[in-house]
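Asker:
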Amino acid sequence: MLDHVSIPVWDIERAAQFYDAVLATIGLHRRKERLGAIGYGPATRAAPVFWILRQGGDGSASPGVGLHVSFQGPDRSSVRAFHETALRCGGRDAGEPGLRPQYTMPFYGAFVLDLDGFKIEAVCRAPA
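So the sequence shown is residues -9 to 118, counted in my numbering.
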């Protein structure tokens, strides 16, 4: 079982605006902040489950090949809101909300690329 995931971002303030809006659609909010890092999680858990970390030095925040982070949405409407909000906040479409019968069903998901090019997803596994 995973405890948390972190990704690097080039501009933490810009990324925070994006993730504040997008993750709120599935019930995740800022749980912890420290210099150069913001952690998000549900109100029911003290420790964050997802972190954005400012990339330092001369490196650049670059997504890994094939890496994507999937967030659980409580219902299909939250998956649609996640996708719509991400696009409105500057994300790019990587898979519209819908059923994915090729995955373990039930699976209703949506994919976007965040501001740094990382693929993020919201999925609801509850039956319609």
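For every residue, glycine included, the Cβ atom is placed at its ideal position computed from N, Cα and C.
(1) In or out: Gly31 buried (at least 16 other Cβ within 10 Å) or exposed?
(2) DSSP three-state label for Ala71, please.
(3) Is the segment 56 to 63 close to the segment 95 to 112, with three or more CB pairs under 8 Å?
(4) In terms of alpha-carbon separation, which member of Ile16, Phe8 and Arg21 lies closest to Pro64?
(5) Here's a check: name, in chain order, each residue in its chain whose Cβ is nearer than 6 Å to the Cβ of Ala6, leaving out the five neighbours to either side.
(6) Between Leu18 and the ligand MN, is the CB less than 6 Å from at least one heavy atom?
(7) Quick check on the DSSP output: the beta strand (DSSP E) that includes Asp83 runs from which residue to which?
(8) Can you name, in chain order, every residue of its own chain whose Cβ lies under 8 Å from the Cβ of Pro117, other than the five neighbours on each side?
(9) Could you pull the start and end residues of the beta strand (DSSP E) that Gln62 belongs to?
Answerer: Inspection of the coordinates gives the following:
(1) A residue is called buried when at least 16 other Cβ atoms come within 10 angstroms of its Cβ; Gly31 meets this threshold and is buried.
(2) helix
(3) Short answer: they touch.
(4) Ile16
(5) Ile28
(6) In the structure shown, the ligand MN is absent, as is every other ligand, since no ligand is present at all.
(7) Arg82 to Leu89
(8) Contacts found: Pro96.
(9) His58 to Gln62
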